[in-house]
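Here our numbering is used: position 143 in the sequence shown is 169, and no number is missing along the way. C-beta: ideal position from N, C-alpha, C; glycine also. Scroll down for the structure; my scribbles are underneath it.
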Amino acid sequence: MSDPLLYSVEDGLARLTLNRPERLNAFDDALAYAWADATADATARPDVKAIVVDAAGPAFCAGGDVLAMASGIGSARALEELAHVISRGILSLTESSVPVVAAAHGTTAGGGLGILLASDYAIVGQNSKIGSRYASMGLTPDLSVTAQLA
Numbered sequence: 027m028s029d030p031l032l033y034s035v036e037d038g039l040a041r042l043t044l045n046r047p048e049r050l051n052a053f054d055d056a057l058a059y060a061w062a063d064a065t066a067d068a069t070a071r072p073d074v075k076a077i078v079v080d081a082a083g084p085a086f087c088a089g090g091d092v093l094a095m096a097s098g099i100g101s102a103r104a105l106e107e108l109a110h111v112i113s114r115g116i117l118s119l120t121e122s123s124v125p126v127v128a129a130a131h132g133t134t135a136g137g138g139l140g141i142l143l144a145s146d147y148a149i150v151g152q153n154s155k156i157g158s159r160y161a162s163m164g165l166t167p168d169l170s171v172t173a174q175l176a
C-alpha cells in the first residue's frame with residue numbers, strides 16, 4: 027500500500043499530493059490524518075514560502091470515501107472526528123501566511139472543494155468538474171465549505 031499523501035519541502039516549496047488515485051483521492055482515516063499533519067507542518071515551517079496541493083490519478087479529490095466510512099468507521103462520533111481532522115488541515119491552509127496554490131483536475135467535491143476554497147490560487151483543468159454533493163445526500167456542507175463560502 028502506498029502513502030495516502032506525498033509530502034515534501036524543497037527550495038521553499040511545500041508540496042502535498044493526495045495519493046489515493048484508486049479512490050479518486052477521497053479522504054479515509056489514513057489520508058485525513060496524514061493531511062492534517064502535513065498541513066500543520068507546512069504552515070509552521072519558516073523555510074516554506076509557498077504551498078502547492080495537487081493530486082495523483084484522474085481526480086483531485088472526490089470528498090470523503092463513502093465506502094470506507096460505511097464499512098470501517100461505524101459510529102457518528104467517528105465520522106464527526108474524521109470531519110474535524112480534515113477540516114483542521116483545511117483551516118491550516120486558510121490561516122497560512124504563505125500563498126497556497128491548488129492544482130485541481132478531474133473531479134473535485136466535498137473536502138476537495140474545501141481545499142480549493144481555502145487556497146489563495148486555484149489552477150483547474152479545463153474539463154474538471156467541481157461541485158458539492160452534500161445536499162443530494164441529505165447533509166449540510168462540511169469540511170470547511172460553508173465557512174469558506176461565507
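Within the region 96-144, the beta strand (DSSP E) runs of at least 3 residues that lie entirely inside it are, in chain order, 126-130 and 133-135. Spanning the alpha carbons of Tyr59 and Leu117 requires a straight line of approximately 14 angstroms.
Only residues of its own chain outside the window of five on either side were considered, and among them Ala62 have a CB closer than 7 angstroms to the CB of Arg114, listed in chain order. The alpha-carbon separation between Ser154 and Val111 amounts to approximately 26 angstroms. Within the region 35-95, the complete alpha helix (DSSP H) segments at least 4 residues long are 55-70, listed from N- to C-terminus.
The three-state secondary structure of Gly157, taken from DSSP, is strand.
With contacts defined by Cβ atoms closer than 8 angstroms, Ser158 and Ala135 form a contacting pair. The criterion of a C-beta distance shorter than 8 angstroms is not satisfied by Ile149 and Val124.
In this structure, the CA atom of Arg49 is about 24 angstroms from the CA atom of Ile77. Cβ-Cβ distances below 6 angstroms link Leu39 to Ala76 in the same chain, with the five nearest sequence neighbours on each side left out; the list follows chain order.
Within the same chain, Thr69 come within 6 angstroms of Ser122 by CB-CB distance, once the 5 residues on both sides are set aside. Cβ contact annotation for Ala66 (same chain, cutoff 6 angstroms, sequence separation greater than five): Ser118, in chain order.
At a Cβ-Cβ threshold of 8 angstroms, Gly137 and Phe53 count as neighbours. Going by C-alpha positions, Arg46 is about 12 angstroms away from Asp80.
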